[in-house]
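Notes follow the structure.
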Amino acid sequence: MLKHTPILLGMLAVAPFAAAQAPAGAEDNPGLIIRAETNLVVVPLHVYQKKSSVNGLGREAFQLFEDGVPQEIAFVEGPPAEGESVEERSVPTEIIFLIDFSYSVMTPGLLDFNTIRSTMLEGLRKDVQLSVYGFASKLKIFTGPTRDLAKLQKALDQSFASEAGGSRVYEAMMQTARHAANRGGNVSRMMVVFSDGLSTTNLDPELVARSANAFGIPIYPVVLGHERIRQRSRGQVGNVGLGIRAGTTEHRQPNPAGLGGGNEQGARPGEPQFGPRANPVPTMNRQSNARSQESLQQVFADLGPKTGGRSYDLPVLNNKVIREILGSLSTLAETEYVVGYYPKSTDAELQAHAVEVRLASDEIGQLYGGRRFVVH
Numbered sequence: 001m002l003k004h005t006p007i008l009l010g011m012l013a014v015a016p017f018a019a020a021q022a023p024a025g026a027e028d029n030p031g032l033i034i035r036a037e038t039n040l041v042v043v044p045l046h047v048y049q050k051k052s053s054v055n056g057l058g059r060e061a062f063q064l065f066e067d068g069v070p071q072e073i074a075f076v077e078g079p080p081a082e083g084e085s086v087e088e089r090s091v092p093t094e095i096i097f098l099i100d101f102s103y104s105v106m107t108p109g110l111l112d113f114n115t116i117r118s119t120m121l122e123g124l125r126k127d128v129q130l131s132v133y134g135f136a137s138k139l140k141i142f143t144g145p146t147r148d149l150a151k152l153q154k155a156l157d158q159s160f161a162s163e164a165g166g167s168r169v170y171e172a173m174m175q176t177a178r179h180a181a182n183r184g185g186n187v188s189r190m191m192v193v194f195s196d197g198l199s200t201t202n203l204d205p206e207l208v209a210r211s212a213n214a215f216g217i218p219i220y221p222v223v224l225g226h227e228r229i230r231q232r233s234r235g236q237v238g239n240v241g242l243g244i245r246a247g248t249t250e251h252r253q254p255n256p257a258g259l260g261g262g263n264e265q266g267a268r269p270g271e272p273q274f275g276p277r278a279n280p281v282p283t284m285n286r287q288s289n290a291r292s293q294e295s296l297q298q299v300f301a302d303l304g305p306k307t308g309g310r311s312y313d314l315p316v317l318n319n320k321v322i323r324e325i326l327g328s329l330s331t332l333a334e335t336e337y338v339v340g341y342y343p344k345s346t347d348a349e350l351q352a353h354a355v356e357v358r359l360a361s362d363e364i365g366q367l368y369g370g371r372r373f374v375v376h
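Quick note: the sequence shown uses my numbering, first residue 1, plus one each step.
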């Protein structure tokens, strides 16, 4: 049985995420204390040769360093070599769905249960489980990791039935990572976030990246509503549905000064308003706000590569596209490696240490991920 030790995230430079900023009621303990495995550290990664996964690698293919000092690798688990099969691993995988339900950002029925079942559950290893979280102004936990079809169906139904003002995008991501890690155990986790990325608070997204790297949880943002914003930025009028846009070349560079913003009542900068609060917006202001929102969405999408994941930003969002995204995530779960090691020493005072896995030879392929922080 592995020992657990409380760890302060403030040591990982996320102290500005004060308890007062945490979504009220999201968890019983909204503070910054987490629980982490101190005996065994697990680092997830992928290895590719061109566009194909390199399978069947063992310990001899990797090198592991803590603060630049070589460490002994305890074990490696990953995709089996051709002809071999693995039904389960000793280190299971959890795929976390985090759904933004603020003012119908996520279209009901888009993430269809039957799609999840056919593209993920029926083809993945038995140790891969799914969990469902949702957020607006508060984080909700619809189900913990499970393969139970009824639980997953109910969780998705509940997430789409929810709707509220405000969108604490980055707080929700940090709390979800912490809540998942608090369950303990040696588990490889990946977080898929369905959101437009337009937060109504000012929490620095860099803190999310540090937190995710500390927990070893890569983030996979699915950017919603980009095409609608893009239309407004070009001054085009029309009823453009929610979508996600492909290609990063047309993304604008993020504007750090514009991070956060919005208001806690749920109205987003440049978004149309209805009822007594409705107010005509000049075309120039609308286009300027739309361009600002595009920059904010780029910041949200950038969390993918910054945490060892990737972002999905496509021109249209429908069930077919969702199937492709879920199929991609299934492939990532199947081709993921986990490298484990036991830290050699424990500091008198808790300190953060940088962990990095490298390939023993460049000829093996190219490594993605393989970095995290550990506190001991």
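Where is the CB? At the ideal position from N, CA and C, for every residue including glycine.
Considering only C-alpha positions, which residue in the set the options is nearest to residue i?
i: Y368; options: R168, G308, N55 and L329; result: G308
i: F97; options: P80, Q366, S199 and Q129; result: Q129
i: S131; options: P79, T176 and E294; result: T176
i: S330; options: P44, V193, L124 and V86; result: L124
i: K126; options: G56, Y312, N318 and V91; result: V91
i: E171; options: A180, V208, A301 and H179; result: V208
i: T93; options: V187, E294 and L296; result: V187
i: Q158; options: N202, R147, M173 and F142; result: F142
i: M174; options: L57, N319 and I219; result: I219
i: K51; options: K344, Y341 and T335; result: T335
i: Q293; options: V338, G225, P80 and L57; result: G225
i: V43; options: P343, K344 and V339; result: V339
In whole angstroms, what separates the C-alpha of residue i from that of residue j?
i: P315; j: V222; result: 12 Å
i: R426; j: L332; result: Only positions 1 to 376 of the chain appear in this structure, which leaves residue 426 out of reach.
i: R371; j: L359; result: 12 Å
i: V200; j: E84; result: Looking at the sequence shown, residue 200 is not Val but Thr. Taking the straight line from one Cα to the other gives about 49 Å.
i: H376; j: Q351; result: 6 Å
i: S328; j: D204; result: 29 Å
i: R189; j: N182; result: 12 Å
i: A155; j: E82; result: 36 Å
i: I217; j: K151; result: 23 Å
i: I325; j: E349; result: 43 Å
i: A61; j: Q71; result: 14 Å
i: V193; j: F160; result: 14 Å
i: L45; j: R291; result: 34 Å
i: R59; j: N39; result: 19 Å
i: D196; j: V357; result: 33 Å
i: S311; j: M191; result: 11 Å
i: K138; j: L317; result: 25 Å
i: L179; j: D313; result: It is His, not Leu, that sits at residue 179 in the sequence shown. Those two C-alpha atoms are separated by around 27 Å.
i: D289; j: Q297; result: The displayed chain sequence assigns Asn, not Asp, to residue 289. Looking at the two C-alpha atoms, the distance is approximately 12 Å.
i: L57; j: A301; result: 31 Å
Which same chain residues end up closer than 6 Å to residue i when comparing Cβ atoms and leaving out the 5 residues on each side of it in sequence?
i: G241; result: Annotation note: pLDDT 37 at G241 (below 50); position unreliable, no value reported.
i: G365; result: V47, Y48, Q49 and V54
i: P145; result: E94, Q129 and S131
Give the secondary structure of residue i by DSSP, where H, G and I count as helix, E and B as strand, and everything else as coil.
i: T143; result: strand
i: D100; result: strand
i: R358; result: strand
i: Q293; result: helix
i: Q71; result: strand
i: H179; result: helix
i: R380; result: The chain is shown only over 1 to 376; residue 380 falls outside these bounds and no answer can be derived.
i: M207; result: Position check: residue 207 holds Leu in this sequence, whereas Met was assumed. It is helical.
i: Q298; result: helix
i: S188; result: strand
i: I217; result: coil
i: P315; result: coil
i: T93; result: strand
i: S159; result: helix
i: V321; result: helix
i: V169; result: helix
i: G370; result: coil
i: P305; result: helix
i: Q49; result: strand
i: G340; result: strand
i: S131; result: strand
i: A136; result: coil
Who are the near neighbours of residue i in its chain, counting only those whose CB is closer than 8 Å to its CB and skipping five residues on each side?
i: I322; result: L110, L111, D112 and T115
i: V373; result: First, the residue type needs correcting, since residue 373 is Phe and not Val in the sequence shown. Excluding sequence neighbours, F373 sits near L12, R210, N213, A214, A352, H353, A354 and V355.
i: D362; result: none
i: A136; result: D100, F101, S102, Y103, S162, E163, A164, G165, G166, S167, R168 and G266
Closer than 7 Å by C-beta to residue i: which residues in its own chain qualify, once you throw out the five before and the five after it? Chain order, please.
i: K140; result: Y133, G134 and S162
i: Y341; result: V41, L64, Q71, E72, I73 and A74
Cβ contact (3+ pairs, closer than 8 Å) linking the segment 65 to 75 and the segment 105 to 114: no
Contact the segment 90 to 103 vs the segment 54 to 71: 3+ CB pairs below 8 Å: no
Any 3 or more C-beta pairs closer than 8 Å across the segment 115 to 130 and the segment 164 to 178: no
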